[in-house]
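In the numbering used here, the protein residues as written are 16 to 257.
Backbone N, C-alpha and C define an ideal beta-carbon position, used for all residues, glycine too.
This one's a predicted model, so the numbers in the text were calculated from it and none came from an experiment.
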Ligand SMILES: Cc1cc2nc3c(=O)[nH]c(=O)nc-3n(C[C@H](O)[C@H](O)[C@H](O)COP(=O)(O)OP(=O)(O)OC[C@H]3O[C@@H](n4cnc5c(N)ncnc54)[C@H](O)[C@@H]3O)c2cc1C
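Structure, rendered in structure tokens:
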């Protein structure tokens, strides 16, 4: 429900008050002109968090948008989110405007539990909107001494962000005319080089819907089982708030 009447959004906040948190912006850092990390302070001690859990932000009176924490520290009462500031919608506008000291209401984390903790090999494909999930996921993978690889399809202006942050992933250029073109070239070369490893991996595909769908089709062509593909589209060209 990305768009709801104002009174519905008001009622949801009031009636489900235990599911909404009062949060305060503690810090903002721009990693690039389009990637902004925001640290929020809130009472989190009673909440669960799983890598991939998302929170609903009220981007305007009527518009609700999902974002995924990259870290969630119950004891310290802080969580962080990496926002893609793409400039085309109210969610992006809100993230762009937020400053330390601003207060807002945000839903408790919920949604799909994507991380498959029983697998040893984890493979990630995403874009700017998936960086936050990737950071949360990688922390768990490292804690459990598992193996991870990933490809990020990014706008040129964000290509250096993963390397600057020390994320060990490959980046490719976004190609809107042919979604995931560069990522698929890389993926197929890797699958051919290490077919056994890819057959044992679990794949997390998040971000642009057209790109993740193309990527999944190639995985299936190479015999990867659907049960090892976790797909969640985060946005689609021309659609509002998935
Ligand atoms: C479960 C879930 C978790 C998510 N987690 C994150 C996260 O951690 N960080 C994050 O940045 N985003 C995340 N997203 C994606 C974010 O919710 C969408 O990008 C959302 O559409 C942004 O809302 P908006 O109001 O800015 O744009 P909208 O009003 O929804 O869309 C307006 C226009 O902008 C376009 N658009 C939307 N997103 C993008 C984009 N990223 N790049 C280019 N054009 C775009 C749309 O196609 C549309 O034409 C998540 C989405 C889901 C479903």
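Residue burial classification, residue i (beta-carbon count within 10 angstroms, cutoff 16)
i: residue 198; result: buried
i: residue 22; result: exposed
i: residue 83; result: buried
i: residue 186; result: buried
i: residue 73; result: buried
i: residue 124; result: buried
i: residue 165; result: buried
i: residue 95; result: buried
i: residue 200; result: exposed
i: residue 137; result: buried
i: residue 242; result: exposed
i: residue 45; result: exposed
i: residue 156; result: buried
i: residue 24; result: buried
i: residue 163; result: buried
i: residue 207; result: exposed
Pair within 8 Å by beta-carbon distance, residue i and residue j
i: residue 81; j: residue 50; result: no
i: residue 71; j: residue 122; result: yes
i: residue 129; j: residue 247; result: yes
i: residue 97; j: residue 147; result: yes
i: residue 66; j: residue 151; result: yes
i: residue 202; j: residue 230; result: yes
i: residue 168; j: residue 154; result: no
i: residue 255; j: residue 126; result: no
i: residue 239; j: residue 213; result: yes
i: residue 118; j: residue 92; result: no
i: residue 184; j: residue 131; result: no
Contact set for residue i: own chain, Cβ-Cβ below 7 Å, skip 5 residues either direction
i: residue 173; result: 47, 49, 50 and 143
i: residue 19; result: 77 and 79
Helix, strand or coil at residue i [DSSP, three-state]
i: residue 215; result: coil
i: residue 83; result: coil
i: residue 75; result: coil
i: residue 173; result: helix
i: residue 57; result: coil
i: residue 120; result: strand
i: residue 184; result: coil
i: residue 68; result: coil
i: residue 226; result: helix
i: residue 149; result: helix
i: residue 197; result: helix
i: residue 112; result: helix
6 Å Cβ shell around residue i - same chain, five flanking residues per side excluded
i: residue 160; result: none
i: residue 222; result: 141, 142, 144, 145 and 249
i: residue 109; result: 74
i: residue 89; result: 59 and 60
i: residue 106; result: 74 and 80
i: residue 176; result: 46, 47 and 50
Cβ-based neighbour list, residue i, same chain, cut-off 8 Å, excluding 5 preceding and 5 following
i: residue 116; result: 39 and 40
i: residue 43; result: 51, 52, 53, 54, 113, 114 and 115
i: residue 101; result: 49, 107 and 143
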